[in-house]
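Below you'll find the structure, written out as structure tokens, and then a few comments.
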């Protein structure tokens with residue numbers, strides 16, 4: 115894949131404010147909502163919140179009437195629409211049925227009200243539309259964790275106190291102030307680097323200081339992953355703007371990120387996947403910035419992202435070949451003018467990144483003789499073992515009974531064994547059969563089927579965009595940029611295919627092992643739409659302009675209905 119690089123934008127004050135606002139929005143619900151109770155808001159909290167909101171609404175309407183001289187019909191519209199939103203918040207206090215679903219609807223009501231006001235006052239521009247999309251994406255993520263328990267739709271988490279899994283790993287750091295002093299292979303999932311689990315354990319300790327009961331503390335771990343998933347939205351937006359996307363292509367590309375089902379699912383997944391993905395995206399962003407301005411200030415964040423990422427999950431190292439190759443090529447091309455500066459930067463990069471990324475692996479090897487890159491085997495006795503299929507069958511068997519992952523005779527008719535189909539299915543629905551997890555089974559199946567085939571068309575369009583940008587000479591694209599993106603794509607995709615065949619089980623065919631592929635595909639499509647358009651490019655852009663809003667709408671509908 116290939117990109118157009120534009121002048122880098124500084125992170126600056128507003129970037130700090132954006133992340134601070136995101137952190138507040140992610141973590142305040144720990145004290146505002148009780149995700150273990152039938153009604154999310156207590157009567158006291160709901161009453162105070164509604165009073166404050168109504169007072170703010172009255173003050174704003176009066177201000178708009180006096181200062182902006184809005185008409186009386188406008189004043190009545192603002193007041194009545196805002197009052198309806200306040201009353202919807204009040205309903206959260208007393209509703210004991212579908213309270214999480216009501217939370218999504220209430221938040222979306224406020225967002226629609228704000229969007230209508232902005233449109234009516236002619237304030238909508240690209241930045242405001244992006245903000246509205248981002249808030250809608252955040253609302254979907256928040257709603258998802260509100261109706262998803264910590265042990266629902268998870269990967270290797272299990273129950274707290276169950277003795278194994280990521281939950282036990284987190285619980286260990288909640289109860290202990292030291293690293294495990296035993297062979298991590300003895301407890302399932304303890305072989306992972308511990309950064310995410312340490313952070314989650316410290317978050318639990320922090321909440322415990324306020325006297326929260328254990329069940330509520332456990333559910334609030336998902337607020338961490340909500341923050342990570344939402345941060346991915348911000349980072350991806352930064353990547354898109356670094357690549358020169360603006361207006362329509364930027365809005366459409368960002369919509370695919372904000373409403374991408376994988377990021378919604380990861381918002382509620384309390385294992386280490388989403389934090390590792392966040393660091394991978396951060397490494398990509400800062401590599402783009404470093405390539406434009408090769409300074410120490412820009413290379414240190416790359417080292418921190420890769421180092422802390424590998425301290426979360428070793429698969430973050432998959433970005434290293436692309437980054438390393440770009441480092442090497444930049445050194446060769448700019449040897450005469452920048453060799454000393456680049457050598458200093460690379461030394462600092464290595465001093466930061468290597469210890470952060472490898473200390474856990476070295477510790478486990480020295481103390482317990484754990485091999486580097488150790489991954490436990492599930493074994494051939496497992497029902498989901500698909501190693502008996504030939505390579506040809508695994509790659510060319512595209513049978514589809516439905517759009518969800520197949521988990522045996524009673525759940526799809528067979529065990530999923532095609533890595534490409536597994537990638538496509540899990541990118542939308544995880545490894546879960548969502549129609550079996552909701553009271554709206556038929557509706558979810560209907561919209562999921564439509565979403566799958568819309569996504570299939572978008573994937574084809576993204577691949578066409580990618581190959582066009584790579585092989586067409588008249589696109590004024592820097593060759594080193596091509597090398598970076600091609601290396602990243604090939605490394606991640608090749609690693610995924612190798613993993614699927616080295617560990618031939620249905621559970622390994624999951625997009626969580628290849629999330630950068632989604633982002634590179636979205637970027638390819640966005641950059642292709644941003645180009646000067648011929649007839650074919652115009653057809654791609656028009657198709658994307660129709661399909662992406664429908665994709666976003668259907669994704670939102672599915673993950674709202676899932677809470678029924």
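Numbering (my numbering), first residue to last: 115 to 678. Heads up, the beta-carbon is just placed ideally off N, CA and C, and yes, glycines get one too.
| message | Please report the straight-line C-alpha distance between residue 321 and residue 448, rounded to a whole angstrom. | response | C-alpha of residue 321 to C-alpha of residue 448: approximately 51 Å in a straight line.
| field | Reference residue 335; option with closest CA among 260, 625, 169 | value | 260
| said: For the alpha helix (DSSP H) containing residue 507, name the first residue and the last one. | reply: Residue 507: member of the alpha helix (DSSP H) spanning 505-510, first to last residue.
| request: Please list the segments of the alpha helix (DSSP H) lying wholly inside the region 132-201, counting only runs of 4 or more residues, in order along the chain. | output: 143-146, 157-181
| task | Pick out whichever of 440, 228, 166 has its Cα sitting closest to the Cα of residue 191. | result | 228
| message | In the DSSP output, which residue or residues are listed as bridge partners for residue 619? | response | Paired residues: 499.
| said: List, from N- to C-terminal side, the alpha helix (DSSP H) runs of 4 residues or more that fit wholly inside the region 371-412. | reply: 375-381, 387-406
| query | Of all the options 291, 328, 298, which has the alpha carbon lying nearest to the alpha carbon of residue 316? | reply | 291
| said: Can you check which of these residues, 671, 476, 499, 418, is closest to residue 488 by C-alpha distance? | reply: Check the Cα spacing between residue 488 and each of 671, 476, 499, 418: the tightest is with 476.
| said: Whole angstroms are fine: how far does the CA of residue 630 sit from the CA of residue 170? | reply: Rounded to the nearest angstrom, the two C-alpha atoms are 42 Å apart.
| query | What is the DSSP secondary structure of residue 302, reduced to helix, strand or coil? | reply | coil
| request: State the Cα-Cα distance for the pair residue 272 and residue 586, rounded to the nearest angstrom. | output: 49 Å
| query | Are there 16 or more other CB atoms within 10 angstroms of the CB of residue 152, so buried, or fewer, so exposed? | reply | exposed
| query | Roughly how many whole angstroms lie between the Cα atoms of residue 280 and residue 252? | reply | 25 Å
| task | Identify every residue that forms a DSSP beta bridge with residue 521. | result | 529
| query | Are the region 616-632 and the region 384-401 touching by the rule of at least three beta carbon pairs closer than 8 Å? | reply | yes
| Looking only at C-alpha atoms, which of 561, 596, 642 sits nearest to residue 672? | 561
| Does DSSP classify residue 451 as helix, strand or coil? | Here residue 451 sits in helix by DSSP.
| message | Can you give me the C-alpha to C-alpha distance between residue 635 and residue 486, rounded to a whole angstrom? | response | Straight-line Cα distance between these residues: approximately 31 Å.
| message | With a threshold of 8 Å, are at least 3 pairs of Cβ atoms found where one atom belongs to the region 571-579 and the other to the region 651-663? | response | Inter-segment contact for the region 571-579 and the region 651-663 is present: three or more beta-carbon pairs are separated by less than 8 Å.
| field | Simplified DSSP state of residue 628, which is helix, strand or coil | value | coil
| task | Classify residue 314 as buried or exposed, calling it buried when 16 or more other Cβ atoms lie within 10 Å of its own Cβ. | result | Buried, by the Cβ-count rule.
| message | Give me the residue from 677, 362, 469 with the minimum Cα distance to residue 243. | response | Looking at the Cα atoms, 362 is the closest of the given residues.
| query | How many Å lie between residue 547 and residue 237 at the Cα? | reply | 42 Å
| residue 307, buried or exposed, once every other Cβ within 10 Å from all chains shown has been counted against 16 | Buried, since its Cβ has 16 or more Cβ neighbours within 10 Å.
| message | Give me, in chain order, the residues of the same chain whose beta-carbon lies closer than 8 Å to that of residue 443; leave out the 5 immediate sequence neighbours on both sides. | response | The residues 594, 597, in chain order, have a CB closer than 8 Å to that of residue 443 in the same chain once the five nearest residues on each side in sequence are set aside.
| request: Mark residue 154 as exposed unless 16 or more other C-beta atoms lie within 10 angstroms of its C-beta, in which case mark it buried. | output: Looking at its Cβ environment, which holds 16 or more other Cβ atoms inside 10 Å, residue 154 is buried.
| said: What does the alpha-carbon distance come out to for the pair residue 638 and residue 318? | reply: 40 Å
| message | So for residue 290, helix, strand or coil by DSSP? | response | coil
| request: Give the secondary structure of residue 338 by DSSP, where H, G and I count as helix, E and B as strand, and everything else as coil. | output: helix
| message | Out of 641, 138, 610, 461, which one is the CA nearest neighbour of residue 344? | response | Considering only 641, 138, 610, 461, the residue with the shortest C-alpha distance to residue 344 is 138.
| Between which two residues does the alpha helix (DSSP H) containing residue 569 stretch? | 555-585
| query | How about the region 408-427 and the region 356-375: do they share at least three Cβ pairs that are nearer than 8 Å? | reply | In this structure the region 408-427 does not touch the region 356-375; the number of beta carbon pairs closer than 8 Å is below three.
| task | Can you give me the Cβ contacts of residue 333 inside the same chain, cut-off strictly under 6 Å, excluding the 5 residues immediately before and after it? | result | By the criterion of a C-beta distance shorter than 6 Å, residue 333 is surrounded in its chain by 149, 150, 264, once the five residues flanking it on both sides are discounted.
| Closest by CA to residue 156, which one among 140, 496, 203, 580? | 203
| query | Ordered along the chain, which non-local residues of its own chain (more than five positions away) have a Cβ less than 6 Å from that of residue 474? | reply | 307
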